[in-house]
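> Here you go, one structure.
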Amino acid sequence: MRQNLPVTDVEYDYPDHELLMSTTDTKGTITHCNEAFCRTAGFSVDDLIGQPHNIIRHPDMPAEAFRDMWATVGHGRSWTGIVKNRRSNGDYYWVRANVAPIMENGKPTAYMSVRTKPTAEEVQAAQALHAALHAQQAAGRRDFYLHRGAVRYTGVRNWLGKLHRLSLTQRLALMLAGWLGLAWLSGLRADTVGTQAWQLGLLASAAGVILIYVHKVFTRPLAEANRQAHSIMICDLTRPAALSQGRSAIARQNEQLRQVLLNLRAVIGDARVEIGEVGKVSSSLAQDAGRLSRRTEAQASNLQETAASMEQVSAMVAQSMESVRSVLDGSQRSAQLAGAGGLAIAQVGTAMQNIEQSSGQMRQFVEVIEGIAAQTNILSLNAGVEAARAGEQGKGFAIVASEVRALAQRSAAAARQIRALIELSGEQVDQGVRSVAEVQRAIGQVVASVSDVNQLMAELDLATREQTIGIEQVNRAVSELDRLTQQNAAMVDATAASAENLTQNTGVLDRTLAVFRLPA
Numbered sequence: 007m008r009q010n011l012p013v014t015d016v017e018y019d020y021p022d023h024e025l026l027m028s029t030t031d032t033k034g035t036i037t038h039c040n041e042a043f044c045r046t047a048g049f050s051v052d053d054l055i056g057q058p059h060n061i062i063r064h065p066d067m068p069a070e071a072f073r074d075m076w077a078t079v080g081h082g083r084s085w086t087g088i089v090k091n092r093r094s095n096g097d098y099y100w101v102r103a104n105v106a107p108i109m110e111n112g113k114p115t116a117y118m119s120v121r122t123k124p125t126a127e128e129v130q131a132a133q134a135l136h137a138a139l140h141a142q143q144a145a146g147r148r149d150f151y152l153h154r155g156a157v158r159y160t161g162v163r164n165w166l167g168k169l170h171r172l173s174l175t176q177r178l179a180l181m182l183a184g185w186l187g188l189a190w191l192s193g194l195r196a197d198t199v200g201t202q203a204w205q206l207g208l209l210a211s212a213a214g215v216i217l218i219y220v221h222k223v224f225t226r227p228l229a230e231a232n233r234q235a236h237s238i239m240i241c242d243l244t245r246p247a248a249l250s251q252g253r254s255a256i257a258r259q260n261e262q263l264r265q266v267l268l269n270l271r272a273v274i275g276d277a278r279v280e281i282g283e284v285g286k287v288s289s290s291l292a293q294d295a296g297r298l299s300r301r302t303e304a305q306a307s308n309l310q311e312t313a314a315s316m317e318q319v320s321a322m323v324a325q326s327m328e329s330v331r332s333v334l335d336g337s338q339r340s341a342q343l344a345g346a347g348g349l350a351i352a353q354v355g356t357a358m359q360n361i362e363q364s365s366g367q368m369r370q371f372v373e374v375i376e377g378i379a380a381q382t383n384i385l386s387l388n389a390g391v392e393a394a395r396a397g398e399q400g401k402g403f404a405i406v407a408s409e410v411r412a413l414a415q416r417s418a419a420a421a422r423q424i425r426a427l428i429e430l431s432g433e434q435v436d437q438g439v440r441s442v443a444e445v446q447r448a449i450g451q452v453v454a455s456v457s458d459v460n461q462l463m464a465e466l467d468l469a470t471r472e473q474t475i476g477i478e479q480v481n482r483a484v485s486e487l488d489r490l491t492q493q494n495a496a497m498v499d500a501t502a503a504s505a506e507n508l509t510q511n512t513g514v515l516d517r518t519l520a521v522f523r524l525p526a
């Protein structure tokens with residue numbers, strides 16, 4: 007026998023109303039178990055499905071109990087007994103195990119066990135029975151054994167116990183036979199043997215009629231009730247529900263059992279149909295939820311990519327805004343420099359005009375010098391003429407006159423050169439004035455262009471600021487949409503998990519109801 011260790015002395019308590027249900031195949035492998043069974047045993051469903059049922063067997067249980075259980079259910083009968091089971095952590099718990107075979111074509115195809123919580127008195131009696139079985143096994147004797155969950159003794163006590171296990175018909179027949187025997191023995195005389203034989207035959211006939219009546223009214227209906235109850239017990243609802251004859255209490259009981267059988271057929275049949283529909287819907291819902299989950303995940307991924315792209319765009323716009331601000335500052339400085347250059351050129355123009363005015367005054371001075379030189383030359387010529395007339399006395403004066411004439415000539419030549427220089431300077435000054443005017447116009451155009459650029463850059467800076475605000479709003483909207491999408495994805499996943507759980511629960515419920523066999 008399998009030994010599940012370790013064990014503790016801690017008893018696990020569970021609610022009185024809980025039903026611990028499991029099913030196994032004919033080899034004892036667990037095929038289905040409900041949540042209450044898993045919770046009480048301390049295992050998960052995955053830990054139990056596919057495992058041998060003795061995974062919960064406690065070492066304190068005697069082997070005789072399980073021998074009797076398998077022998078009973080193997081013959082198509084139900085078995086009930088108080089069993090001590092082991093939890094996964096070594097603790098123990100007591101159950102009242104009700105094991106029934108699931109029959110098909112007269113043979114067990116599976117076994118279903120429904121466990122309830124026993125009373126304290128039942129547990130005490132089971133502990134005493136288990137101790138006696140262990141002591142008997144240790145002593146190597148067999149004073150009693152278990153049969154269909156009940157204690158059977160060996161020897162004389164076994165024969166006495168068989169009297170208590172007689173059927174109603176057998177008990178009534180034995181009672182009537184004893185009554186007839188006693189009646190015959192009590193009145194036995196030699197002179198009345200013929201008469202007594204006739205009376206005994208009459209009594210025997212009456213006893214036979216009574217037995218037939220009892221069999222028809224009591225035994226046969228009770229057997230029918232037993233067959234119907236046994237069919238329900240083994241989850242076989244295919245057996246025809248025969249109508250009961252008569253109005254006796256047993257007939258009414260059979261009629262009630264028949265109605266129970268029909269009700270079970272209707273309820274379980276409808277439940278199977280509805281479970282099938284729920285299974286289809288839940289499966290479709292799970293598939294739709296799966297597809298929606300994948301689309302939501304794709305949308306969430308796209309939103310994350312969009313958010314990343316928007317962050318890049320935001321960074322680029324911020325960088326562009328900084329560049330625009332730098333260009334705007336440079337443009338403003340260029341405008342200031344251009345304005346200063348225009349002012350300087352204007353000052354140069356004013357200076358050139360002043361130079362032109364001074365050149366005009368210098369021309370006037372040169373004309374005066376030329377006039378003085380011409381008059382001096384004339385005077386020197388006159389002086390030379392007069393010195394020649396004076397003869398010897400006028401030689402020195404003639405020499406002076408000649409020098410004065412030469413000086414006047416040189417002054418005239420110098421004045422002409424000065425005039426030429428002044429004329430050339432005037433032309434250059436005129437050219438400079440024209441150039442300064444052109445530069446002033448060009449600088450004016452530059453200043454106007456820089457002003458236009460400043461205006462455009464200011465508008466671009468304002469537009470960039472507004473674009474930055476819009477991008478921030480888009481970023482917040484995308485972030486909020488991403489958050490909502492993530493929540494939707496989580497909700498879709500939860501819905502898919504719920505749908506999958508519903509599908510699994512529907513499958514469990516369908517497998518649970520599958521133990522009932524219905525008419526085709």
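Positions 7 to 526 (our numbering) are the ones given, in order, by the sequence shown. C-beta atoms are modelled at their ideal positions from N, C-alpha and C, and glycine is treated no differently. As the structure is a computational prediction, the values presented were derived from the model and not from experiment.
#1: Give the DSSP-derived three-state secondary structure of Val89 in the structure shown.
#2: Can you tell me where the alpha helix (DSSP H) holding Ala520 begins and where it ends?
#3: Beta-carbon within less than 6 Å of Val287's beta-carbon, same chain only, minus the 5 sequence neighbours each way: which residues are those?
#4: Is Ala292 closer than 8 Å to Ala496 when the C-beta atoms are compared?
#5: Look at Gly82 and Pro107 and say whether their C-beta atoms are less than 8 Å apart.
#6: From what residue to what residue does the alpha helix (DSSP H) around Phe43 run?
#7: Which of the three DSSP states is assigned to Met67 in this structure?
#8: In or out: His64 buried (at least 16 other Cβ within 10 Å) or exposed?
#9: Within 10 angstroms of the Cβ of Pro21, are there 16 or more other Cβ atoms? Answer buried if so, exposed if not.
#10: Could you name each continuous alpha helix (DSSP H) segment of 4 residues or more that falls completely within the region 90-167, going from the start of the chain to the end?
#11: Among residues of its own chain, excluding the 5 on either side of Trp85, which ones have a beta-carbon nearer than 6 Å to its beta-carbon?
#12: What three-state label does DSSP hand Thr30 in the structure shown?
#13: Compare the C-alpha of Val157 against each of Ala346, His236, Glu70 and Val129 and name the closest.
#14: Which residues in the same chain have their Cβ closer than 6 Å to the Cβ of Asp97, if we skip the five residues on either side of it in sequence?
#15: With DSSP as the reference, please indicate the residues paired to Ala58 in a beta bridge.
#16: Taking all protein chains shown into account, do 16 or more other C-beta atoms lie within 10 angstroms of the C-beta of Pro227, making it buried, or fewer, making it exposed?
#17: Can the beta-carbon of Asn91 be found less than 8 Å from the beta-carbon of Ala47?
#18: Taking the straight line between their C-alpha atoms, what separation do you get for Asp52 and Ile238?
#19: Using 8 Å for Cβ pairs, my map puts Arg411 next to Asn388. What's the rounded Cβ distance?
#20: For Pro58 and Gly34, which I take to be in contact (beta-carbon distance under 8 Å), what is that distance rounded to the nearest angstrom?
#21: Between which residues of its own chain and Glu478 is the CB-CB distance below 8 Å, once the five residues before and five after are set aside?
#22: Considering only C-alpha positions, which residue in the set Ser455, Ala350, Ala500 and Asn511 is nearest to Leu298?
#23: Taking only three categories from DSSP, how would you classify Asp19?
#24: Among residues of its own chain, excluding the 5 on either side of Leu263, which ones have a beta-carbon nearer than 7 Å to its beta-carbon?
#25: What does the alpha-carbon distance come out to for the pair Gln461 and Val453?
#26: What does a CB cutoff of less than 8 Å around Leu25 pick up in its chain, not counting 5 residues either side in sequence?
#27: From Ala116 to Glu283, what distance separates their C-alpha atoms?
#28: Apart from the five residues on each side of it in sequence, which residues of its chain come closer than 6 Å, Cβ to Cβ, to Ser417?
#29: One question on the structure: do Thr29 and Met118 come within less than 8 Å of each other, judged by their Cβ atoms?
#30: Glu280 to Gln259, Cα distance in whole Å?
#31: Skipping 5 residues on each side, what residues in its chain have a beta carbon closer than 8 Å to that of Arg148?
#32: Taking the C-alpha atoms as reference points, what is the distance between Ile55 and Ala138?
#33: Tell me whether Glu24 sits in a helix, a strand or coil according to DSSP, three-state version.
Put simply:
#1: strand
#2: That residue, Ala520, is in no alpha helix (DSSP H); it is neither H nor E in DSSP.
#3: none
#4: no
#5: yes
#6: Glu41 to Ala47
#7: coil
#8: buried
#9: exposed
#10: 126-145
#11: Met75, Thr78, Val79, Val105 and Gly155
#12: strand
#13: Glu70
#14: Thr14, Val16 and Tyr18
#15: The sequence shown places Pro at residue 58, rather than the Ala named in the question. Note: Pro58 sits in a beta bridge opposite Thr35.
#16: buried
#17: yes
#18: About 30 Å.
#19: Their Cβ separation, rounded to whole angstroms, is 10 Å, which puts Arg411 and Asn388 out of contact at 8 Å.
#20: 5 Å
#21: Ser320
#22: Ala500
#23: coil
#24: In chain order, Ala231, Gln234 and Ala235 place their CB closer than 7 Å to the CB of Leu263, counting only its own chain and leaving out the 5 sequence neighbours on each side.
#25: 12 Å
#26: Asn40, Ala42, Val120, Arg121 and Thr122
#27: 26 Å
#28: Ala379
#29: Yes, the Cβ-Cβ distance between Thr29 and Met118 is below 8 Å.
#30: 31 Å
#31: Gln142 and Thr160
#32: The alpha-carbon atoms of Ile55 and Ala138 are separated by roughly 34 Å.
#33: Annotated three-state conformation of Glu24 is coil, per DSSP.
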